[in-house]
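First the structure, in the form of structure tokens, and then the observations on it.
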Amino acid sequence: MPTLLITGANRGIGLELCKQYLDQGWEVHACCRKPEKASQLNKLANKNKQLHVHELEVTNEKQMDALKKTLKDKPIDILLNNAGVHALGASQFGKTDNKAWEEAVAVNLLAPMKMMEHFVNNVAISDKKIIASISSKMGSIEDNSSGGSYAYRATKAALNAVMVSAAHDLRHLGIIALILHPGWVRTDMGGPNGEISVKESARNLRKILDECTLEDSGKFFDIDGAIIPW
Ligand SMILES: NC(=O)c1ccc[n+]([C@@H]2O[C@H](COP(=O)([O-])OP(=O)(O)OC[C@H]3O[C@@H](n4cnc5c(N)ncnc54)[C@H](OP(=O)(O)O)[C@@H]3O)[C@@H](O)[C@H]2O)c1
Numbered sequence: 029m030p031t032l033l034i035t036g037a038n039r040g041i042g043l044e045l046c047k048q049y050l051d052q053g054w055e056v057h058a059c060c061r062k063p064e065k066a067s068q069l070n071k072l073a074n075k076n077k078q079l080h081v082h083e084l085e086v087t088n089e090k091q092m093d094a095l096k097k098t099l100k101d102k103p104i105d106i107l108l109n110n111a112g113v114h115a116l117g118a119s120q121f122g123k124t125d126n127k128a129w130e131e132a133v134a135v136n137l138l139a140p141m142k143m144m145e146h147f148v149n150n151v152a153i154s155d156k157k158i159i160a161s162i163s164s165k166m167g168s169i170e171d172n173s174s175g176g177s178y179a180y181r182a183t184k185a186a187l188n189a190v191m192v193s194a195a196h197d198l199r200h201l202g203i204i205a206l207i208l209h210p211g212w213v214r215t216d217m218g219g220p221n222g223e224i225s226v227k228e229s230a231r232n233l234r235k236i237l238d239e240c241t242l243e244d245s246g247k248f249f250d251i252d253g254a255i256i257p258w
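In my numbering, the protein residues as written are 29 to 258.
Here it is in structure tokens:
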């Protein structure tokens, strides 16, 4: 049975991806900051033995180390870096707060890097061998026609650079490193005016993950499978 390890699974796109992969018969290791308060994940776990809920504040390397010890040498078919913050406190010109910048860097950029470094061996011994990071079209410099969202745009653009390096460095292990835009999704982050539901986003993300090959490693995919310019 294939295995998914995903961050930020308490709500939004992460939670829906857990549901859909469980429906497909996968074993899911869902990370969230506060398992005792993750009511939706816990409800799912009560019904489904293939769901394992782990505590992981992604900026906490000790917790990441503990998770690595827990998972030992379990093959991980897909490592999905999903946790992210919009960093609204570092969004508007003239009003960017350092704390918000630091949080955005830690969550959107450093955490995916650290997750890859911690779990690369587990991915390398799996069948599918995929590491995917949920980035954003807002990280595309070419696509930036409206400005603002300084920390969010900058950390997602930097995440894209990290994933391209990983695609090169991990190719000899057969690992596919993907950068995925989930669409503009109706979640707490995307807001109620988002263009698509979490169901549609997760379904399309899964399609890309299902169909990708090593040829696709290092590519920046839109939710419809199109390539997004850097
Ligand atoms: N929604 C969109 O339109 C959209 C568009 C482009 C890209 N994205 C990207 O898609 C991903 C998921 O977004 P979403 O819309 O599902 O957002 P969301 O509903 O705001 O959920 C974000 C998730 O990330 C978790 N998280 C935040 N900081 C964390 C930390 N320090 N440690 C561990 N978990 C943390 C949250 O945990 P808590 O529940 O504990 O707060 C939550 O589970 C993000 O990377 C986002 O940038 C979203």
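Don't be surprised by glycine CBs; every beta carbon is placed ideally from N, CA and C.
Buried or exposed: Gly218, going by 16 or more other Cβ atoms within 10 Å of its Cβ? Residue mapping note: residue 218 aligns to position 190 of the sequence shown, counting from 1. So Gly218 counts as buried.
So what does DSSP say about Asn149, is it helix, strand or coil? Translated into the one-based positions of the sequence shown, residue 149 becomes position 121. Here Asn149 carries a helix assignment [DSSP, helix/strand/coil].
On the criterion of 16 or more Cβ atoms from any shown chain inside 10 Å, does Glu57 qualify as buried, or is it exposed? On the sequence shown, position 29 is the one that residue 57 refers to. It should be pointed out that residue 57 corresponds to His in this sequence rather than to Glu. Buried, because 16 or more other Cβ atoms sit within 10 Å of the Cβ of His57.
Proximal residues to Glu223 (C-beta, below 7 Å), its chain only, five neighbours per side dropped: Taking the first residue of the sequence shown as 1, we reach residue 223 at position 195. Result list for Glu223: Gly211, Trp212, in chain order.
If I follow the unbroken alpha helix (DSSP H) through Thr98, where does it start and stop? Mapped onto the sequence shown, residue 98 falls at position 70. 89-99 is the extent of the alpha helix (DSSP H) around Thr98.
At which residue ranges does the segment 116-177 contain complete alpha helix (DSSP H) runs of 4 or more residues, listed in the order of the chain? Restricted to the segment 116-177, the alpha helix (DSSP H) segments that are unbroken, complete and at least 4 residues in length are 126-132, 139-152, listed in chain order.
Helix, strand or coil for Cys46, going by three-state DSSP, please let me know. Here residue 46 is taken as the residue at index 18 of the sequence shown, counted from 1. Helix at Cys46.
Out of Asp238, Arg214, Ile236, which has the shortest C-alpha to C-alpha gap to Lys227? Here the question's residue 227 lines up with position 199 in the sequence shown. When each option's Cα is compared against that of Lys227, the closest is Arg214.
Within a Cβ cutoff of 7 Å, which residues of the same chain sit near Ile169, ignoring the five residues on either side of it in sequence? Here residue 169 refers to the residue found at position 141 when the sequence shown is read from its first residue. If we look at Ile169 and ignore the five residues flanking it on each side, its Cβ neighbours are Ala185, Trp258.
Have a look at Val81, Ala128, Met29 and flag the residue whose alpha-carbon is nearest the alpha-carbon of Ile104. Locating residue 104 in the sequence shown gives position 76, counting from the first residue. Of the candidates Val81, Ala128, Met29, the one whose C-alpha sits nearest the C-alpha of Ile104 is Met29.
Contact check, Lys305 vs Ile236 under 8 Å by CB: the rounded distance? No information on residue 305 is available, as it lies outside the stretch 29 to 258 that the chain covers here.
Three-state secondary structure assigned by DSSP to Leu206: Mapped onto the sequence shown, residue 206 falls at position 178. It is a strand residue.
In three-state terms, what does DSSP make of Ala66? Counted from its first residue, the sequence shown places residue 66 at position 38. The three-state reading of DSSP puts Ala66 in coil, since its state is none of H, G, I, E or B.
Taking 6 Å as the cut-off, does the CB of Asp216 come closer than this to any heavy atom belonging to ligand 1? Position 188 of the sequence shown, counting from 1, holds the residue named residue 216. True, at least one ligand heavy atom lies under 6 Å from that Cβ.
Check Ile260 in the structure and name its three-state DSSP category. Outside the shown range of the chain, which is 29 to 258, sits residue 260, and nothing can be said about it.
Report all residues from its chain with a CB closer than 8 Å to the CB of His82; omit the five preceding and five following residues, and keep chain order. To locate residue 82, count along the sequence shown from 1; it is residue 54. Result list for His82: His57, Ala58, Cys59, Cys60, Pro63, Leu95, Thr98, in chain order.
Bridge partners - Ile106, DSSP secondary structure assignment: As a position in the sequence shown, residue 106 is number 78, starting the count at 1. DSSP, once it has assigned bridges, lists Leu32, Ile158 as partnering Ile106.
Buried/exposed call for Thr241, threshold 16 Cβ in 10 Å: As a first step, residue 241 must be located in the sequence shown, where it is residue number 213. Under this definition Thr241 is an exposed residue.
Closest Cα partner of Phe147 within the set Leu201, Lys127, Asp51, His114: Numbered from its first residue, the sequence shown carries residue 147 at position 119. It is Leu201.
Restricting to Cα atoms, I'd like to know which of Ile162, Gln91, Ala179 is closest to Lys127. Reading the sequence shown from its first residue, position 99 is the one you call residue 127. Ranked by Cα distance from Lys127, the first of Ile162, Gln91, Ala179 is Ala179.
When the Cα atoms are used, what is the spatial distance from Asn88 to Ala139? If you number the sequence shown from 1, residue 88 lands on position 60. If you number the sequence shown from 1, residue 139 lands on position 111. Straight-line Cα distance between these residues: approximately 9 Å.
Where the beta strand (DSSP E) containing Val213 begins and where it ends: For the purposes of this step, residue 213 is identified with residue 185 of the sequence shown, where counting begins at 1. First-last for Val213: undefined, no H or E at that position.
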